[in-house]
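The structure under discussion appears below in the form of structure tokens.
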Amino acid sequence: MKREKQKKSGLIDKKIVLGATVQSLTKLNPKVQIQNPVMFIVYLGAIFTTILFFLSLGGIKDGGSWYIFGISIILWLTSLFGNFAEAVAEGRGRAQAESLKKARRDVIARKLVRAELESEYSEVKSNQLRAGDIVLVKAGEQIPMDGEVIVGVASVDESAITGESAPVIRESGGDRSAVTGGTTITSDWLIIRVTAEAGNSFLDKMIAMVEGASRKKTPNEIALQILLITLTIIFLVVSACLLPFSKFSVDLAGQGEPVSLTNIVALLVCLAPTTIGALLSSIGIAGMARLNKANVLATSGRAIEAAGDVDVLLLDKTGTITLGNRRASEFIPVGDTSESDLAAAAQLSSIADETAEGRSIVVLAKNRFGMRGKEIAKLNAKFIEFTAKTRMSGVDIGDVHIRKGSADAIKAYVQAQGGVCDKSCDEIVERVANEGGTPLLVAQNEKILGVVYLKDVVKEGVKEKFEDLRKIGIKTIMITGDNPMTAAAIAAEAGVDDFVAEATPETKLALIKKLQEEGHLVAMTGDGTNDAPALAQADVAVAMNSGTQAAKEAGNMVDLDSSPTKLIEVVRIGKQLLMTRGALTTFSIANDIAKYFAIIPVLFAGIYPGLEALNFMRLTSPTTAILSSVLYNALIIVALIPLSLKGVRYKEQPAGKMLKHNLLIYGVGGVIAPFLFIKCFDLLLTVCGVA
Numbered sequence: 044m045k046r047e048k049q050k051k052s053g054l055i056d057k058k059i060v061l062g063a064t065v066q067s068l069t070k071l072n073p074k075v076q077i078q079n080p081v082m083f084i085v086y087l088g089a090i091f092t093t094i095l096f097f098l099s100l101g102g103i104k105d106g107g108s109w110y111i112f113g114i115s116i117i118l119w120l121t122s123l124f125g126n127f128a129e130a131v132a133e134g135r136g137r138a139q140a141e142s143l144k145k146a147r148r149d150v151i152a153r154k155l156v157r158a159e160l161e162s163e164y165s166e167v168k169s170n171q172l173r174a175g176d177i178v179l180v181k182a183g184e185q186i187p188m189d190g191e192v193i194v195g196v197a198s199v200d201e202s203a204i205t206g207e208s209a210p211v212i213r214e215s216g217g218d219r220s221a222v223t224g225g226t227t228i229t230s231d232w233l234i235i236r237v238t239a240e241a242g243n244s245f246l247d248k249m250i251a252m253v254e255g256a257s258r259k260k261t262p263n264e265i266a267l268q269i270l271l272i273t274l275t276i277i278f279l280v281v282s283a284c285l286l287p288f289s290k291f292s293v294d295l296a297g298q299g300e301p302v303s304l305t306n307i308v309a310l311l312v313c314l315a316p317t318t319i320g321a322l323l324s325s326i327g328i329a330g331m332a333r334l335n336k337a338n339v340l341a342t343s344g345r346a347i348e349a350a351g352d353v354d355v356l357l358l359d360k361t362g363t364i365t366l367g368n369r370r371a372s373e374f375i376p377v378g379d380t381s382e383s384d385l386a387a388a389a390q391l392s393s394i395a396d397e398t399a400e401g402r403s404i405v406v407l408a409k410n411r412f413g414m415r416g417k418e419i420a421k422l423n424a425k426f427i428e429f430t431a432k433t434r435m436s437g438v439d440i441g442d443v444h445i446r447k448g449s450a451d452a453i454k455a456y457v458q459a460q461g462g463v464c465d466k467s468c469d470e471i472v473e474r475v476a477n478e479g480g481t482p483l484l485v486a487q488n489e490k491i492l493g494v495v496y497l498k499d500v501v502k503e504g505v506k507e508k509f510e511d512l513r514k515i516g517i518k519t520i521m522i523t524g525d526n527p528m529t530a531a532a533i534a535a536e537a538g539v540d541d542f543v544a545e546a547t548p549e550t551k552l553a554l555i556k557k558l559q560e561e562g563h564l565v566a567m568t569g570d571g572t573n574d575a576p577a578l579a580q581a582d583v584a585v586a587m588n589s590g591t592q593a594a595k596e597a598g599n600m601v602d603l604d605s606s607p608t609k610l611i612e613v614v615r616i617g618k619q620l621l622m623t624r625g626a627l628t629t630f631s632i633a634n635d636i637a638k639y640f641a642i643i644p645v646l647f648a649g650i651y652p653g654l655e656a657l658n659f660m661r662l663t664s665p666t667t668a669i670l671s672s673v674l675y676n677a678l679i680i681v682a683l684i685p686l687s688l689k690g691v692r693y694k695e696q697p698a699g700k701m702l703k704h705n706l707l708i709y710g711v712g713g714v715i716a717p718f719l720f721i722k723c724f725d726l727l728l729t730v731c732g733v734a
């Protein structure tokens with residue numbers, strides 16, 4: 044089960060809405076407002092019209108007092124709605140962080156003098172631990188601080204961080220040695236070397252990131268804001284020229300009235316890209332929240348945007364494309380041996396084999412021939428464990444010696460017993476290897492009985508996922524340490540675009556550099572220290588939370604679930620973020636174009652009667668036209684908040700088709716919507732006696 048907090052982080056949460064309402068008032072501070080230049084113009088406009096209202100009460104005329112008051116109120120609401128959108132997004136982030144804060148608490152830690160002396164320790168608070176300290180943590184106790192296991196193996200409950208209730212194994216050495224402060228050991232014990240200090244732990248960084256405290260504007264976001272500011276300045280200059288221009292036009296035409304200061308301010312706010320200006324920050328924060336909901340922590344907003352632009356994915360074979368554990372799929376007898384005899388021998392040699400491969404052999408023998416597991420005590424057997432030196436395992440029962448292992452090791456064993464290897468056995472071994480499988484030979488005394496075909500099982504649905512990625516122009520490259528033949532077979536079955544066999548850390552790094560020199564944006568996953576150089580080089584680098592500290596520091600994202608396939612979801616979230624921003628920008632600019640044609644003809648029709656022909660909506664008067672436009676301008680921000688938080692619907696399709704879809708929905712829709720709603724508001728105001 045995922046963290047319960049995720050169910051409570053939606054827009055309908057009353058607590059978030061109430062908090063956002065208070066925050067929207069707090070954000071009216073000029074120091075906060077100036078950080079968003081587009082909305083700062085609205086803020087200044089609201090202040091200016093408020094001053095005009097009080098001046099109108101003193102006898103200075105710039106339109107009716109009630110009209111100025113109405114414009115002022117709507118502009119204040121526009122500012123508040125923009126603040127509200129950002130505050131809701133930040134509130135959702137804070138709600139996500141609540142359960143994480145509960146996990147962050149000070150505990151008493153056993154600080155060891157030396158790792159070898161478990162009995163010599165001093166008890167200190169977790170916030171007093173420093174990097175390099177060594178602590179002992181036993182079953183039922185909370186891990187006091189981030190670190191790496193240096194001694195021991197234990198089950199760890201990481202539900203406080205990942206939301207998954209099933210405990211995971213953490214052990215010294217390898218790529219599953221990292222532990223996170225705030226998680227709990229459920230069995231055995233661990234000796235841990237601390238790698239972080241209070242305030243700088245992974246949990247602290249995650250909370251800050253989720254709450255938005257560490258969020259910085261991304262390059263794309265900055266570029267878009269510069270564009271919006273430029274458009275606003277253009278409209279500001281144009282609006283500033285309207286007063287002298289309208290006065291000149293009135294004198295020249297001898298009819299009509301100059302445009303009032305109130306109308307100029309209202310026109311500026313309506314024509315400036317206030318919709319996307321108000322929602323831009325919330326889109327970025329919401330994108331980060333969606334990534335956090337997927338249990339991925341991005342160390343920068345830049346990484347999420349880069350994920351949206353990625354066009355090459357480097358994927359490890361084991362655990363990502365395949366299940367990671369080879370499974371027995373076939374018994375292939377040699378010579379006069381029957382398949383059932385081979386299965387029986389393979390099962391006997393695997394009874395005490397606790398590896399996934401060994402268990403799969405027992406399961407296959409049971410499913411194929413109904414062979415049940417035998418009671419080990421009754422066999423009076425001596426089991427031979429697998430070692431890297433012998434590369435085989437087996438069982439001795441009296442004079443019967445059964446061995447199971449690699450082809451070379453079993454051949455050498457049989458020849459040492461005076462046996463001979465059949466040519467047909469070599470042919471079967473070669474065929475299995477060419478098909479991407481792993482051949483295990485089974486021998487009894489001096490005779491080879493046959494081959495167990497171990498297959499690296501491709502995960503269900505992976506081929507379809509790669510096909511979806513291909514549709515949106517993303518190339519997938521499988522990386523594996525397997526030989527080229529095995530790699531080619533797996534690549535063909537999985538449906539990846541390319542593969543790299545016999546890959547080393549140097550190979551991965553060189554490949555990423557080569558792809559980047561060709562202009563590609565590259566994403567990859569990794570969990571080991573040997574992956575760190577490649578992760579540091581990749582544009583989007585997702586490190587596994589269970590991996591080493593070096594891998595996590597090299598990556599710009601950390602997957603709390605340690606699921607290598609999460610990279611595909613990260614790319615989707617990144618693309619959805621960019622699509623949402625693009626769609627709402629298109630809608631906002633289309634809105635501005637529509638509002639221009641809705642307001643200008645009515646505003647200047649008194650001076651130039653010929654412009655009345657362009658008033659095709661037949662708006663009642665400049666008063667109702669301006670009021671309707673600023674009212675629509677304010678309410679559309681509120682209407683689009685759910686879309687900015689949820690994101691536009693994502694589909695795997697080519698960029699060209701995606702662009703056409705967005706232009707049709709958000710471009711054409713952005714042009715039509717203002718005309719419809721401004722006309723409705725105009726009719727409503729007319730009925731209410733406003734003219």
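Letter by letter, the sequence shown follows residues 44 to 734 in this note's numbering.
Backbone N, C-alpha and C fix where the C-beta goes; we use that ideal spot for every residue, glycine too.
Looking at the DSSP output, GLU373 bridges to TYR496. Considering only LEU311, LEU674, LYS703, THR729, the residue with the shortest C-alpha distance to LEU120 is LEU674.
Cβ neighbours of ALA182 within its own chain (closer than 8 Å, five residues either side excluded): ALA197, ILE228, THR229, SER230, ASP231, TRP232. In this structure, the alpha-carbon of GLU191 lies about 10 Å from that of VAL178.
Beta-bridge annotation (DSSP): SER115 is not paired with any residue. Taken through DSSP and simplified to helix, strand or coil, ARG446 comes out as strand. DSSP places ASP541 in the uninterrupted beta strand (DSSP E) bounded by 541-543. ALA586 is positioned such that its CB atom lies closer than 8 Å to that of VAL601. DSSP lists VAL211, ILE228 as the beta-bridge partner residues of VAL199. Burial check for GLN298: the Cβ neighbour count within 10 Å stays below 16, so the residue is exposed.
With 16 or more other CB atoms across the displayed protein chains lying within 10 angstroms of its CB, ASN634 is buried. Taken through DSSP and simplified to helix, strand or coil, LEU233 comes out as strand.
Within the stretch 673-708, the alpha helix (DSSP H) runs of at least 4 residues that lie entirely inside it are, in chain order, 698-705. When secondary structure is reduced to three states using DSSP, GLU300 falls in the coil class, being assigned neither helix nor strand. The distance from the Cβ of PRO482 to that of ILE491 is about 11 Å, inconsistent with a contact at the 8 Å cut-off. Membership of GLN487 in the beta strand (DSSP E) is indicated by the continuous run 481-487. Residue range 317-336 is occupied by the alpha helix (DSSP H) that includes ALA321. Contact annotation: ALA389 and LYS454 have beta-carbon atoms that are not nearer than 8 Å. Using a Cβ distance threshold of 8 Å, PRO717 and ALA648 do not count as a contacting pair. Of all alpha-carbon atoms in ALA593, VAL406, ALA668, GLU473, the one lying nearest the alpha-carbon of THR729 is that of ALA668. Within a 10 Å sphere around the beta-carbon of GLU300 sit fewer than 16 other beta-carbons, which makes this residue exposed. Following the DSSP letters along the chain, one finds ALA239 in no beta strand (DSSP E), marked with neither H nor E.
Around MET188, the same chain offers SER169, LEU172, GLY224, VAL237, ALA239, SER244 as residues with beta carbons nearer than 7 Å, after the five sequence neighbours per side are excluded. Of the residues PHE124, LYS58, SER108, the one whose Cα lies closest to the Cα of LEU71 is PHE124. Take the alpha-carbon of LEU356 and the one of HIS704: they are about 26 Å apart. When secondary structure is reduced to three states using DSSP, LYS360 falls in the coil class, being assigned neither helix nor strand. Counting the other Cβ atoms within 10 Å of the Cβ of GLY504 gives fewer than 16, which makes it exposed.
Of the other Cβ atoms in all chains shown, 16 or more fall within 10 Å of the Cβ of ASN306; this residue is therefore buried. According to the DSSP assignment, ARG153 belongs to the beta strand (DSSP E) that extends over 151-155. With a beta-carbon spacing of about 13 Å, ILE265 and VAL81 fall beyond the 8 Å limit used to define contacts.
Ranking GLU129, SER67, GLY699, VAL167 by CA distance to the CA of ALA241 puts VAL167 first. Assignment of beta-bridge partners to THR568 by DSSP yields VAL585. Counting the other CB atoms within 10 Å of its CB gives ASN676 a total of 16 or more, which places it among the buried residues. Shown here, MET414 sits in coil according to DSSP, grouped into three states, outside any helix or strand. Using a Cβ distance threshold of 8 Å, GLY441 and ILE427 do not count as a contacting pair. If you check the CB distance, GLY690 and LEU620 come in under 8 Å.
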